[in-house]
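Presented below is the structure to which this report refers.
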Amino acid sequence: MAHDRLRRQLEELELDAARPPDAAGWRRLLEQVEKAYLQAERDRRMLERSLSESTREMRELYSRIRTTSEHRVAAERDKLRAVIDALGAGVCLLDVEGRLLSCNPEVERLLGYTETALRGTRFLEQVERRPADAPGATLVPDPEQPGSFVERVRETRFVCRDGSELPVSYTLTPRPDLGDQFSAVLVFIDVSEHVRLTEKLRAAKDAAEAANRAKSNFLANMSHEIRTPMNAIIGMTGLLLDTPLDSRQQEFAETIRASGNALLTLINEVLDFSKIESGMMELEEHPFGVADCLTGALELFAAEARQKGLTLRSEVAGDCPQQVVGDVTRVRQVLVNLLSNAVKFTERGEVVATVAGRPLGDDRYELEYCVRDSGIGIAADKVGRLFEAFSQVDASTTRRYGGSGLGLAICRHLTELMGGRIWVRSEEGEGAEFHFTVPARVHRGAVALREEASGAEPPLETDLAGRLPLRILVAEDNAVNQKVALMMLARMGYRADLAANGLEVLEALERQRYDVVLMDVQMPELDGLATARRINARWPPVERPRLIAMTAHALQGDRERCLAAGMDDYVSKPMTASSLQRALKRSAAPGEGAAPPAAPAPPSLDPTTLRALREFQPAKVLELVERFQSHAAEQVVAIRRAIDVGDAEGLAQAAHGLKGSSGTIGARPLAAICAELEVLGRQQALAGAAELAARLEDEHRRVDRALAELYAGWAEEATSSTLSP
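For the sequence shown, the working numbering begins at 674 and goes up steadily by one.
In structure tokens:
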């Protein structure tokens, strides 16, 4: 077959491919072929020249692009290096085995090692301080992402080249995307200043806590020292007023008693403010009548109001619940303080106390109390500092009306502690309105005791001994207080024996049987708490006397410490005949009143604490109790170990930890024993600690049993509610 190009050329020459051409035809054909091939050669050469030129230009362009890219990459690398070097942090690139590939100059500045010295070493194994038996600090594989590693953030110490230690915080971040060699980036910073400031802050905190404890101890001792003579002054004055006196003598005695009560109020205010400042003020929750609390507080000022010609009124709004659960003592304290000021600063007119309720849902109310007077009022520029400690409107107010300037500050702290707030509306010369709110839960079923809500004192029964015959031993080392106690008992028809210290109490109990021992807590030779513990160890509950603590201590937890030591009841000094009478009645009939049951120790667990938590956070209670049981078991072992090895600081720390968690779940006797152990540890005095530890272990077992019984009761309740139609 003829070539296509040749056929086209033959057609152009008008030659027939089927017939051979003549000589002229061949000549034209050869000329045409030659011409075509020459043109093809020219085209080929032109194409080669074009390709050669294009290749050269492409190479030049590629070279320029490559050079530009390399310059840019180098510039970016230099920028990044400058940033890394300026970070103020050590930066290391590590391989999969944790060996150092590269680091910045900050590493050398911080640790003293050059990059050359560290390159190829396992960096963390080289510099991190760790125990000799600790595993090597290599990268930890991530089980969820094969080929990757777990990111780690840690505070530790690096050992420098000169042997010194540098506190650091480092982050080890897996970065497999950096290349085959690189597997992680480690960045660390010097935290020496942070550690120094933290230690300084901790030291300051410890010093502040020590100072606070010292202040609290000082106040407790001061309270005891002041209340002891106050007990004699108020007690003897009360006895004197019960004797025949003429009007002049009656006036003198009333003045002495009023002055003693005023001094006692001042002492209590200072102590309350100190407890609030140190965080020792704790709230209690009990049912109480809202109206009873209000009217009871108002009745305390009825006599003073009559003398000044003032009208006292109380109003309870219709939307206010009758019975609520809250800290009636603190509510009454705020009310009494506000009413005292209202009566004090009002010369004519009236003082009105009101309470209203606002529902919050879920049986919870916000109670709003108001004390309104028509007194001297308060200037607008003085209101702002009215609730500050030791603050009064002006100096003339202090001179004319007296007072410490603590009352309203205490009211503010108490209302805030209860979850409420307090404020005042007043104009000078127009009287004042003090408002405060308290959140409370409606109490359904139980009725608060009217006597507790009103604070009224029952009349003294002069024939109590005939109705409740008791053989009584008074243990008191102060001669004046001995006389006060004996005279109060004599007014009730009792004759009592005396002991001056705990050893004499034990000797007296060996000689004869007593029904009640009234025992001071602070006595020489053997104090009241140690005596109570020995009595409980020596005699079974049915044979030993009832032990009533008499103490001038006034800080939170004193009652619990007395009960934890084995006391059955507690009377605070200055002791009144009425408070002593109530304690004796409870001793004769322990099932009545508010005293603990007749047992060698108070109940191990206050179920109301956990019950309240269960009502508001049912899902959290089981977790809380389980954590407490685990924590308590560990701390009891730690306390025993600390005592065995003589580690006073360890004892204080373990006892402090267990004290807090015990109080949280309502195990107050256990918390009280821990408080005693903590004091021994703080004072570096471990004598008697082993005996307390044995009591602690017994009490811990009692708490475990009480928790088990409480669990069983809850389970039974749940079963009953499930089966109920």
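Note that CB positions come from ideal geometry on N, CA and C, so glycine has one too.
Inset, instruction - Using a threshold of 8 Å, state whether the C-beta atoms of Ile1338 and Val1310 are closer than that. - result: no
Inset, instruction - Work out the CA separation of Glu779 and Asp768 for me, nearest whole Å. - result: 20 Å
Inset, instruction - Identify whether His959 lies in helix, strand or coil by the three-state DSSP scheme. - result: strand
Legend entry - Assigned exposure category for His1086 - 16 Cβ within 10 Å defines buried: buried
Legend entry - Three or more C-beta pairs below 8 Å linking the region 1028-1039 and the region 989-1006: yes
Legend entry - Helix, strand or coil at Gln1254 according to DSSP, with G and I counted as helix: helix
Legend entry - Neighbour-count burial assignment, Ala883, 16 or more Cβ in a 10 Å radius: Flag for Ala883 reads exposed.
Inset, instruction - Tell me the start and end of each unbroken beta strand (DSSP E) in the region 957-993 that is at least 3 residues and wholly inside, in chain order. - result: 959-962 and 984-989
Legend entry - For Gly1034, the residue or residues it bridges with in DSSP: Answer is Arg1037, bridged to Gly1034.
Legend entry - Collapsed DSSP secondary structure at Cys765 in the structure displayed: Correct three-state label for Cys765: strand.
Inset, instruction - State whether the region 895-905 contacts the region 782-799, with contact taken as three or more CB pairs (one from each stretch) at a distance under 8 Å. - result: The region 895-905 is not in contact with the region 782-799.
Legend entry - DSSP-derived helix/strand/coil call for Glu1382: Secondary structure of Glu1382 (DSSP, three-state): helix.
Legend entry - Residue span of the beta strand (DSSP E) that contains Gly999, given as start and end: Gln996 to Gly999
Legend entry - Cβ neighbours of Val1153 in the same chain (closer than 7 Å, five flanking residues each side left out): The beta carbon of Val1153 lies closer than 7 Å to those of Ala905 in the same chain, with the five residues before and after it left out.
Inset, instruction - Could you check if Ser1277 is buried or exposed, using at least 16 other CB atoms within 10 Å of its CB as the buried criterion? - result: buried
Legend entry - Own chain residues within Cβ distance below 7 Å of Thr1392, not counting five before or after: Its pLDDT being 47, under 50, Thr1392 is placed unreliably by the model, and nothing is read from it.
Inset, instruction - Give the single residue among Val832, Ser856, Val860 and Asp835 whose Cα lies nearest to the Cα of Ser842. - result: Val860
Inset, instruction - Per DSSP, which residues does Pro840 bridge with? Please list them. - result: Arg830
Inset, instruction - Go through its chain and collect everything with a Cβ distance to Ala1026's Cβ below 6 Å, but skip five positions before and after it. - result: Leu967, Leu971, Ser987 and Val1044
Legend entry - CB contact flag (Leu1199, Leu1176, <8 Å): yes
Inset, instruction - Tell me whether Ser1099 sits in a helix, a strand or coil according to DSSP, three-state version. - result: Per DSSP, reduced to three states, the secondary structure at Ser1099 is strand.
Legend entry - Coil, strand or helix - Ile1049 by DSSP: DSSP places Ile1049 in coil when its eight states are reduced to three.
Inset, instruction - Measure from the alpha carbon of Ala1348 to the alpha carbon of each residue in Leu1008, Gly1361 and Gly1333, then state which is nearest. - result: Gly1333
Legend entry - Local Cβ density within 10 Å of Pro1218, reported as buried at 16 or more and exposed below that: Result: buried.
Legend entry - CB of Val1007 within 8 Å of CB of Phe1109, strictly: Yes; because the gap between Cβ atoms is below 8 Å, this pair is in contact.
Legend entry - Met1196 classed as buried or exposed, judged by whether at least 16 other C-beta atoms fall within 10 angstroms: buried
Inset, instruction - Evaluate contact between the region 754-773 and the region 856-872, counting only Cβ atoms and requiring at least three cross-stretch pairs below 8 Å. - result: yes
Legend entry - Cβ shell of Gly1361 (< 8 Å), same chain only, five flanking positions each side left out: Ala1203 and Leu1353.
Inset, instruction - Go ahead and label Leu1383 buried or exposed: buried means 16 or more other beta carbons lie within 10 angstroms of its beta carbon, across all protein chains shown. - result: buried
Legend entry - Residue interval of the beta strand (DSSP E) (run including Pro1112): Ala1105 to Val1115
Legend entry - Phe861: first and last residue of the uninterrupted beta strand (DSSP E) it sits in: Ala857 to Asp863
Inset, instruction - Check the DSSP bridge columns for Ala1315 and list the partner residues they point to. - result: Answer by DSSP bridge pairing: none, since Ala1315 is not bridged.
Legend entry - DSSP beta-bridge partners of Ser1445: Limits of the chain in this structure are 674 at one end and 1398 at the other, which puts residue 1445 out of reach.
Legend entry - Cα-Cα separation between Leu774 and Leu791, rounded to whole angstroms: 9 Å
Inset, instruction - Spell out a yes or no on whether the region 1142-1153 and the region 1164-1176 are touching, meaning 3 or more CB-CB pairs, one atom from each, closer than 8 Å. - result: By the Cβ rule, the region 1142-1153 counts as touching the region 1164-1176, because three or more pairs are nearer than 8 Å.
Legend entry - Assumed close pair Leu914, Ala926 - CB separation to whole angstroms, cut-off 8 Å: Confirmed, about 5 Å.
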